[in-house]
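These protein sequences, in sequence, are chains A and B.
Residues in the first sequence are numbered from 0 upward in steps of one, following numbering that gives the first Met the number 0.
Residues in the second sequence are numbered from 0 upward in steps of one, following numbering that gives the first Met the number 0.
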Amino acid sequence: MRFNAQIYGPGFPSVGAAIDVEATETGIRVQTNEVDDGTPRWGKITLAKSGWDGSQLRLEWTGSAGVYSLASGDALNNAAIVKLAAGKSTVRPSRPDRATRAWAHALIWFFIGVPVLLVGAIVWQHDRIIAWGVGLITVEHEAKLGEFLFTQQKTGLKLIEGDALAMVRDIGGKLTKDSRHKFQFFVAEDKTVNAFAMPGGYVVVHTGLLELAETPEEVAGVLAHEVQHIEQRHSLRSIAQSLSLSAVVSVFLGDMRGLASLGGDLLQLKFSRDHEIEADREGLKALVAAKINPVGMRDFFAKMAAQSQLNPGFLVTHPPSEERMNDIDRLSKALPATARQVTPLAYDYAAIKAAISRQR
Amino acid sequence: MQFVEVELDPGEAAMGEAGSMFYMEADIEMETIFGDGSAQQTGLMGKLLGAGKRLLTGESLFTTVYTSKASDGKRKVAFAAPYPGKIIPIDLSQIGGTFICQKDAFLCAAKGVSLGIAFQRKLGVGFFGGEGFIMQKLEGDGMAFLHAGGTMHRRDLKPREVLRVDTGCLVGLQPSVEYDIKMVPGIKTALFGGEGLFFATLRGPGFVMLQSLPFARLASRIFAAAPMSKGGGGSGGEQGSILGGLGSIIGGDRD
C-alpha cells in the first residue's frame with residue numbers, strides 16, 4: 000500500500016516534508032538522502048499512536064544518519080499500517096506515566112465526580128435536607144420572621160375586636176395550650192370565607208368565615224387546621240422548597256432583607272396537598288386533645304365544598320379534594336369513644352354573628 | 000507590540016478576526032461573513048456549521064474579509080493584536096498544511112485559510128494540559144498570523160526530543176507533535192513549586208510555538224496589583240509592601 004505522510008529526520012526540514020511512502024509485508028520504503036536509511040524492516044520500526052490529540056500514527060526508526068520519524072494522519076491508512084506491522088514492530092503506548100495518570104484521574108474524579116454525587120444526593124434526599132434545614136431555624140427566629148411579615152401584612156387588614164375576637168382567642172388558646180410557639184389570633188373584617196396562618200404563630204380569620212360557620216365547633220375546626228400549619232412549620236417548609244439554597248442560608252444568618260420581597264407572596268402561599276392533609280389530621284388530634292367536638296371540622300369543610308361556587312376565597316388556598324374529605328371523614332369516625340367526651344363550646348354564637356353583621 | 004500590515008494586489012483578499020482591523024486604505028472593501036469564509040463552506044448548512052464551530056472555539060461568529068477593489072497598484076490593510084504580545088507568521092504551505100493553535104491565537108490570514116476546531120481527545124490533556132478540550136485548526140496553504148502574550152518562541156523538535164512546558168504557555172503545534180501531560184516530580188515541588196501539578200510534555204518531531212507570558216497570567220497579576228478601594232493597596236501593592244495602606248501612601252501610588 001502507499002500512503003502520504005510527513006517525514007522528519009536527517010536531510011529533511013525541521014518542520015518536516017510531505018512524502019510518499021510505500022508499505023509492504025517486510026517494511027516501508029521512502030526516499031531519503033542516505034539510501035539505506037529509507038527501507039527499514041518492520042522489526043526496526045517503533046509504532047506509536049501520537050500527534051497532538053493521539054489521532055496520528057508515528058513510525059520511528061534509526062538509520063545510519065540518525066532518527067527518522069513519519070507522521071500519518073489518515074485513520075484508514077493508519078489501520079492498514081498497523082495491520083501490516085502487527086507482531087513485527089514494537090508498539091509504544093502513547094500515554095502518560097502511571098503517577099501522572101493516577102493523579103489526573105484522582106483530580107478529575109474529585110472535581111467532577113464529587114460535585115455530581117453531591118448534587119445527586121441533594122436531589123435524592125431533597126425532603127430530608129429541607130426538613131433538616133427547617134429544623135435548624137429556631138422558634139425565636141421563626142417568630143421574628145412572622146412578626147416581620149405580619150407587620151407588613153397588617154396594614155392591608157382591617158382587624159376588628161369584640162366578642163368574635165374573644166371567642167377566636169379563647170378557642171385558639173385551648174388548641175395551642177402546650178405549643179412552643181406564641182400564638183396570636185386575629186379577626187379581620189373581610190367578607191370572603193378565609194383564614195390563614197403565618198409563620199411564628201399568627202392566625203387570621205375573616206369575618207366571612209365566621210358568618211358562614213354555624214357553631215363554635217366549626218370555627219374551632221378551621222382554627223385547629225390553621226394552627227397545625229404553623230405547628231408543622233408548613234410555610235417554612237414551602238419557603239425552603241421554593242427558595243434557593245442561598246436564601247435559606249441568609250435566613251440562618253439572620254439576614255431578613257432577602258425575604259422582605261417574599262412577604263406579599265406568603266399570604267397567597269399555597270400549601271401542598273400533603274401539607275393540607277397533615278394539617279387536617281394533626282388538627283383533628285388537637286381538637287380531641289382540647290376536648291372540642293371534632294365533627295365541627297368535617298361539617299365546615301363539607302359546607303365549604305357545597306359553597307365552592309359561591310365563595311372561592313378559602314378554596315383557592317384550601318382545595319377541597321375528595322381525598323381530603325374522605326380522609327377527615329374516616330379519621331373522625333375512627334376516633335375512640337373517649338374522644339367523644341367533649342365539652343360543648345359555650346358561646347352565644349348567634350349573638351356573635353349578629354354583632355359582626357351589625358359592625359359592617 | 001506589533002501589528003500586521005498586509006499588501007493586497009487588485010482583487011486580492013485577506014481575512015481577519017472580527018475586531019482586529021487596525022487601519023485600511025481606500026478602495027478596500029470589507030465584508031463580514033458568517034463562519035470562516037473558507038472555500039469548502041457552501042450552502043447554508045455548511046455556513047452554519049462553520050459558524051457553530053467558531054462559537055465553540057470562543058471566537059466571534061463572523062470573520063471579516065478585506066478585498067482590494069483597486070484597479071491600480073497595491074492597497075494596505077493592517078491588523079492589530081488585542082493585548083501586548085507578539086505576532087508571528089506561519090506559512091501553512093511550508094509545514095504540511097495544518098497547524099493546531101490556541102483558541103484565541105488567530106489574528107489574520109490570507110483568504111483561503113480555513114479555520115476549524117480541533118477537539119482534544121485525551122481526557123488528561125484536555126483537563127490539565129492548559130489549552131482545554133477545544134483548539135483551533137488552521138488549514139490551507141497560505142500565510143496565517145498568530146498572536147500571543149509575552150514573547151513568542153519557536154522550537155523545532157527533532158524526533159524523540161522532549162520538551163516540558165508550563166501549562167498554558169503552548170500557543171500552537173504541528174499535528175505530528177505528541178502532546179501529553181506529566182506530573183511535576185516530587186510532592187513538595189508539585190505543591191509549592193508554583194508550576195501546578197502538571198507539565199505539558201511535547202515530544203518531537205515537529206515544531207511548536209510557545210508564549211512566555213499567557214495573557215491570563217498577566218491579567219491576574221494586574222488584577223492582584225490593582226487598588227481594591229481608594230486608599231487601600233491591593234495585595235500586590237508596592238511589591239508586597241508590609242506597610243499595606245500606609246505603604247501605598249509612602250510609595251506614592253495612591254491616586
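Each residue gets a CB set at the ideal place from its N, CA and C atoms; glycine is no exception.
This one's a predicted model, so the numbers in the text were calculated from it and none came from an experiment.
Beta-carbon neighbours of residue i, restricted to chain B and to distances below 7 Å
| i | result |
| --- | --- |
| Y201 of chain A | Result: empty, since nearest Cβ-Cβ is about 43 Å, beyond 7 Å. |
| G62 of chain A | Simply none; closest approach about 11 Å. |
| R5 of chain A | Just to set this straight, residue 5 of chain A is Gln in the shown sequence, not Arg. Simply G95 and S175. |
| S13 of chain A | D155 and F206 |
Inter-residue spacing [alpha-carbon to alpha-carbon] between residue i and residue j
| i | j | result |
| --- | --- | --- |
| A224 of chain B | E59 of chain A | 49 Å |
| V207 of chain B | G149 of chain B | 16 Å |
| F147 of chain A | M134 of chain B | 55 Å |
| G195 of chain B | K181 of chain A | 58 Å |
| K132 of chain A | P198 of chain A | Correcting the residue type first, residue 132 of chain A is Gly in the shown sequence and not Lys. So the alpha carbons of these two residues sit roughly 15 Å apart. |
| F222 of chain B | E130 of chain B | 22 Å |
| Q5 of chain A | S68 of chain A | 8 Å |
| M142 of chain B | G51 of chain B | 24 Å |
| I170 of chain A | E275 of chain A | 21 Å |
| K73 of chain B | L190 of chain B | 56 Å |
| T337 of chain A | V221 of chain A | 22 Å |
| A120 of chain A | F110 of chain A | 16 Å |
| V115 of chain A | G134 of chain A | 26 Å |
| M303 of chain A | L164 of chain A | 22 Å |
| M0 of chain A | L212 of chain B | 46 Å |
| F61 of chain B | F33 of chain B | 5 Å |
| L122 of chain B | W108 of chain A | 12 Å |
| K48 of chain A | L235 of chain A | 60 Å |
| E277 of chain A | L283 of chain A | 10 Å |
| N77 of chain A | E21 of chain A | 13 Å |
Cβ distance (whole Å) where residue i is taken to contact residue j below 8 Å
| i | j | result |
| --- | --- | --- |
| M182 of chain B | T99 of chain A | 4 Å |
| L91 of chain B | L137 of chain B | 6 Å |
| A212 of chain A | F300 of chain A | In fact, because the Cβ distance is near 11 Å, the residues do not count as touching under 8 Å. |
| A345 of chain A | M296 of chain A | Their Cβ separation, rounded to whole angstroms, is 19 Å, which puts A345 of chain A and M296 of chain A out of contact at 8 Å. |
| G171 of chain B | Q101 of chain B | 6 Å |
| A103 of chain A | F126 of chain B | 7 Å |
| I27 of chain B | L7 of chain B | 7 Å |
| P9 of chain A | A64 of chain A | 4 Å |
| H152 of chain B | L209 of chain B | 5 Å |
| A84 of chain A | I128 of chain A | That pair is no contact at about 58 Å. |
Cβ-based burial, residue i [other Cβ within 10 Å; buried from 16]
| i | result |
| --- | --- |
| R202 of chain B | buried |
| V250 of chain A | Because V250 of chain A sits at a pLDDT of 49, beneath the cut-off of 50, its placement in the model cannot be relied upon, and the point is left open. |
| G26 of chain A | buried |
| G230 of chain B | Low confidence applies to G230 of chain B: its pLDDT is 47, below 50, so where it sits in the model is not reliable enough to give any reading. |
| V14 of chain A | buried |
| Y65 of chain B | buried |
| E216 of chain A | buried |
| Y7 of chain A | buried |
| T63 of chain B | buried |
| S70 of chain B | exposed |
| Y201 of chain A | buried |
Cross-chain neighbours of residue i in chain A, by beta carbon under 8 Å
| i | result |
| --- | --- |
| L122 of chain B | A103 and I107 |
| L172 of chain B | W51 |
| L209 of chain B | The premise fails here: L209 of chain B is roughly 14 Å from chain A at the closest Cβ pair, so nothing lies under 8 Å. |
Cross-chain neighbours of residue i in chain A, by beta carbon under 7 Å
| i | result |
| --- | --- |
| P9 of chain B | Correct list: empty, because the minimum Cβ distance to chain A is about 32 Å. |
| Q101 of chain B | Those do not exist, as Q101 of chain B stays about 12 Å from chain A at its closest Cβ, beyond 7 Å. |
| Q119 of chain B | D52 |
Proximity test, residue i beta-carbon vs the ligand SAH heavy atom, cut-off 7 Å
| i | result |
| --- | --- |
| S63 of chain A | Among the ligands in the structure shown, none appear at all, so the ligand SAH cannot be discussed. |
8 Å Cβ cut-off: residues of chain B touching residue i
| i | result |
| --- | --- |
| R100 of chain A | G123 |
| D96 of chain A | K181 and M182 |
Contact set between residue i and chain A, taken where Cβ atoms lie within less than 9 Å
| i | result |
| --- | --- |
| R159 of chain B | E59, V66 and S68 |
Residue i: contacting residues in chain B (beta-carbon distance under 9 Å)
| i | result |
| --- | --- |
| G8 of chain A | K157, P158 and P204 |
| A17 of chain A | G95 and G96 |
For the region 41-51 of chain B against the region 67-86 of chain B, are there 3 or more C-beta pairs whose distance is under 8 Å? no
If we count Cβ pairs, one from each stretch, closer than 8 Å, do we get three or more for the region 46-57 of chain A versus the region 176-195 of chain B? yes
contact_flag[the region 179-196 of chain A, the region 150-160 of chain A] where n(CB pairs < 8 Å) is 3 or more: yes
For the structure I just gave you, are there three or more beta carbon pairs, one from the region 104-117 of chain B and one from the region 12-19 of chain B, closer than 8 Å? Enough Cβ pairs lie closer than 8 Å, so yes.
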